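Numbering (our numbering), first residue to last: 510 to 754. Glycine included, C-beta positions come from ideal geometry on N, C-alpha and C. Keep in mind the model is a prediction, meaning the values are calculated, not measured. Read through the structure below, which is laid out as structure tokens, and then see the notes.
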Ligand code: GLU
């Protein structure tokens, strides 16, 4: 598969535009407010864009973070809790709120959504992996948009993904996606964290595995999620290595 991976920027853009099955990953900071509540306007705008692709016949799998970030505000915390048990409790509250908004927003386009919560263990166990793949394939056949998140409430600290960037690369492989799209609150990759003077935008990366020396990336700057550009590059490397642009 690797040899058929498109190489020029134009090729990549064309392949992404023509992609039939697309995994879209969106991070907490693109869906929530710093106060720990959902940002319904942002969520609605995202759903509008996905609905258009869906209505043109595309298969979309949405990997959405935001459970912890949507749950800590309603629980009375003014910032993201730092201990794992409270994060997990916040996720269990926020995940329901998140799905309720997705259901309402996709419902306006007549599109059904289904929730799939996955742990890192599930991606390692052949039986769970096959079940998840079969469920997702069937959902897509039925015209349902699968909405995937890590099962935060059950994930054990030692082997959790934490961010959803790497999970989304595995999901792209699971559904044999034609493209993986990582959406974030930064407009592109930069040569250093964009707040630093002198850092500049990198609009196209011809070879993500050869990038390490030129780029200095950081973790999340948002305060509501984790991840950041480090895990996005890891996800990009994984996906491209598995043959998914
Ligand atoms: N699964 C986490 C959530 O939904 C991901 C948070 C993150 O990306 O940091 O909140």
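Please work out which residues of its chain come closer than 8 Å, Cβ to Cβ, to residue i, disregarding the five sequence neighbours upstream and downstream, and give them in chain order.
i	result
residue 608	622, 624, 656
residue 684	530, 532, 568, 570, 642, 645, 646, 649
residue 544	582, 587
residue 638	631, 632, 683
residue 751	510, 678, 681, 682
residue 664	597, 628, 629, 670
residue 696	710
residue 725	700, 701, 702
In its own chain, which residues sit with a C-beta less than 6 Å from the C-beta of residue i, not counting the 5 before and 5 after it?
i	result
residue 693	536
residue 541	547, 548, 575, 578, 579, 733
residue 688	525, 528, 531, 754
residue 741	674, 691
Work out the CA separation of residue j and residue i for me, nearest whole Å.
i	j	result
residue 518	residue 713	6 Å
residue 753	residue 743	13 Å
residue 672	residue 565	30 Å
residue 651	residue 620	11 Å
residue 617	residue 605	19 Å
residue 749	residue 662	30 Å
residue 699	residue 739	11 Å
residue 702	residue 559	29 Å
residue 612	residue 666	30 Å
residue 631	residue 557	31 Å
residue 677	residue 659	10 Å
residue 653	residue 636	23 Å
residue 760	residue 717	Shown here, the chain extends from 510 to 754; a query on residue 760 therefore has no answer.
residue 563	residue 626	22 Å
residue 686	residue 592	35 Å
residue 640	residue 522	32 Å
Assign residue i to buried or exposed, taking buried as 16 or more other Cβ atoms, counted over all protein chains shown, within 10 Å of its Cβ.
i	result
residue 538	buried
residue 668	exposed
residue 675	buried
residue 704	exposed
residue 737	buried
residue 682	buried
residue 634	exposed
residue 520	exposed
residue 719	exposed
residue 561	exposed
residue 599	buried
residue 594	exposed
Once you ignore the five residues that flank residue i on each side, which residues in its own chain have a CB closer than 7 Å to its CB?
i	result
residue 602	580, 583, 584
residue 715	516
residue 680	532, 570, 572, 657
residue 610	547, 549, 552
Note to self: Under 8 Å, with one C-beta from each stretch per pair, do the segment 519 to 532 and the segment 582 to 589 reach the 3-pair mark?
What the structure shows: The segment 582 to 589 and the segment 519 to 532 do not touch, with fewer than three beta-carbon pairs separated by less than 8 Å.
Item checked: Contact the segment 549 to 567 vs the segment 702 to 711: 3+ CB pairs below 8 Å -> Under the Cβ criterion (8 Å, minimum of three pairs), the segment 549 to 567 does not count as touching the segment 702 to 711.
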